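Enquirer: When you read off a place in the sequence shown, starting at 1, and then add 1, the result is the number in my numbering.
Idealized CB from N, CA, C, for every residue including glycine.
Just so we're clear, the structure is a prediction, and the values are computed from it rather than from any experiment.
Encoded as structure tokens, here's the structure I'll be asking about.
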Amino acid sequence: AGCTLRAAINESNSHFAPDTILFDIPGSGVQTIQLGSRLPSLFDRSGGTTIDGYSQPGSQPNTDSSVSNAVTMIQIQGNGPCAFDAMLIQSAENRVQGLSIFNVRRSIWVSGSAARNNFIVGNFLGTNATGTFGLTVQTPNAVGVHIQGGANGNHVGGTSSAERNVISGNAYSGIDYKSEGTNGNLIINNLIGLNP
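Here it is, written out as structure tokens:
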């Protein structure tokens, strides 16, 4: 019958095989999920999880070849860049799309050698659904996408317009790589440091 995003991630981690998390939050306009702590990690090694913000009614992927006209109707809000990260990916074949994640330390953190072939596409990372939010004080490690610890073969953005991320408004870098073996990751076709 439905549950919170936090509960849905826990369910997907405990379920054997791939999973898809869809949204249908009642009400018009952008729906805000206010976090009190980091969401559960995506760590299920029996199959990836797709978190599809574009399933929320009114959402629409980008169709423009130069800018982003994406309409995100699910925004995930934190408590500032010194508080906590939003989402940690530690397994393979996950897909996160159609979300706005902002006012957190790291919007999406991909870590460990098991974190491979993940797709982070069609999101607003660091800014809100309207693309107007931006942190103004520099804070170390407060990045849009952080890839580290041997994570490999991951995709941030893609060749299609619908896969373009807007990575902006973060308190530090848009994208950050760290650690030996963090190789073969593809960053393509994103808008970094700009509004949509």
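Quick check: Ala172 and Pro62, are their CB atoms within less than 7 Å of each other?
Expert: No; because the gap between Cβ atoms is not below 7 Å, this pair is not in contact.
Enquirer: Count the C-beta pairs between the segment 129 to 147 and the segment 73 to 85 that are closer than 8 Å, then say yes if the count reaches three, no if not.
Expert: Flag = yes, the segment 129 to 147 and the segment 73 to 85 touch.
Enquirer: How many whole angstroms separate the CB atoms of His156 and Trp110, which I take to be in contact at a CB cut-off of 8 Å?
Expert: Not quite, the Cβ-Cβ distance comes to about 16 Å (not below 8 Å), so this is no contact.
Enquirer: Do the CB positions of Leu6 and Ser56 come within less than 7 Å of each other?
Expert: Their beta carbons are not under 7 Å apart, which means Leu6 does not touch Ser56 by this criterion.
Enquirer: How big is the Cα-Cα spacing for Val31 and Ser101?
Expert: Rounded to whole angstroms, Val31 to Ser101 spans 10 Å at the Cα level.
Enquirer: Do you know offhand how far Phe125's Cα is from Gly132's?
Expert: Going from the Cα of Phe125 to the Cα of Gly132 covers about 7 Å.
Enquirer: For Leu43 versus Ser92, is the C-beta distance shorter than 7 Å?
Expert: In this structure, Ser92 lies closer than 7 Å to Leu43 by Cβ.
Enquirer: What residue does the beta strand (DSSP E) around Leu89 start on, and which one ends it?
Expert: Its beta strand (DSSP E) spans residues Met88 to Ile90.
Enquirer: Measure how close the beta-carbons of Val97 and Ile52 come, nearest whole angstrom, since I'm counting them as under 8 Å.
Expert: About 5 Å separates the two Cβ atoms, so the contact holds.
Enquirer: Under DSSP, the beta strand (DSSP E) around Arg96 begins and ends at which residues?
Expert: Taken as a continuous stretch (DSSP letters only), the beta strand (DSSP E) holding Arg96 covers Arg96 to Gln98.
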